[in-house]
Amino acid sequence: MPFNFAGNSRPLNATNRFSLHHSNPGLGATPAANTELTDEPYERKSCAFPAPVAAGTAAVSALQTTVQFPLDMEIDQAVGFVGLWENDTYLGYLPRAQVAVYDGSLITNRRLDVLAETTVLVRDNPAQAQP
558 MPFNFAGNSR PLNATNRFSL HHSNPGLGAT PAANTELTDE PYERKSCAFP APVAAGTAAV
618 SALQTTVQFP LDMEIDQAVG FVGLWENDTY LGYLPRAQVA VYDGSLITNR RLDVLAETTV
678 LVRDNPAQAQ P
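Residues in the sequence shown are numbered from 558 upward in steps of one, following the working numbering.
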């Protein structure tokens, strides 16, 4: 089912929170069990995407500001996925280009940044079969 620009834009405008996951959270109504980080000081963070712009038939929106997640200093962690939320409703996820691994004892600050410069949401219509 194809959507017009407004139909493609609406889901991008909905995303207002991020979560971090060590393994694939999936596309169910809620993330797969035991995939989200849980150790303090980790918590889901607010994010903002501006109104999407048109790129051909696609709606495109880039993260407005880098989002920083402080992480536990003593528990080794790996982050491979960023969850997308509208308030408390899970929308899906972004795979990270590279899994971020936090381990070792010489680290004085553990934090994962979801960068505004590289985080872009895109929604387009699927290719339609030609009759």
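For every residue, glycine included, the Cβ atom is placed at its ideal position computed from N, Cα and C.
Quick caveat, the model's predicted, so the values are computed rather than measured.
Based on the DSSP output, what are the partners of L628 in its beta bridges? Bridge partners of L628 according to DSSP: none are assigned.
Tell me whether P652 sits in a helix, a strand or coil according to DSSP, three-state version. DSSP, reduced to helix, strand and coil, places P652 within a strand of the structure shown.
Could you work out which residue in L669, F560 and T622 is closest to Q634 when comparing CA atoms only? Looking at the Cα atoms, L669 is the closest of the given residues.
State the DSSP-derived secondary structure class of G640, mapped to helix, strand or coil. If DSSP states are grouped into helix, strand and coil, G640 belongs with the strands.
Report yes or no: do three or more beta-carbon pairs, one from the region 567–587 and one from the region 605–624, lie closer than 8 Å? Proximity of the region 567–587 to the region 605–624 meets the contact definition, three or more beta-carbon pairs being nearer than 8 Å.
Euclidean distance between Cα positions of G583 and L651: Linking G583 to L651 through their CA atoms gives a straight-line distance of about 10 Å.
Classify R567 as helix, strand or coil using the three-state DSSP reduction. Helix, per DSSP.
Exposure label - P607; buried when at least 16 CB within 10 Å: If you draw a 10 Å sphere on the C-beta of P607, you find fewer than 16 other C-beta atoms in it, and that means exposed.
For P598 versus L577, is the C-beta spacing smaller than 9 Å? No, Cβ-Cβ distance for P598 and L577 is not below 9 Å.
Tell me which same chain residues have a C-beta within less than 8 Å of the C-beta of R653, skipping the five on either side of it? Only V636, G637, F638 and V639 meet the Cβ criterion.
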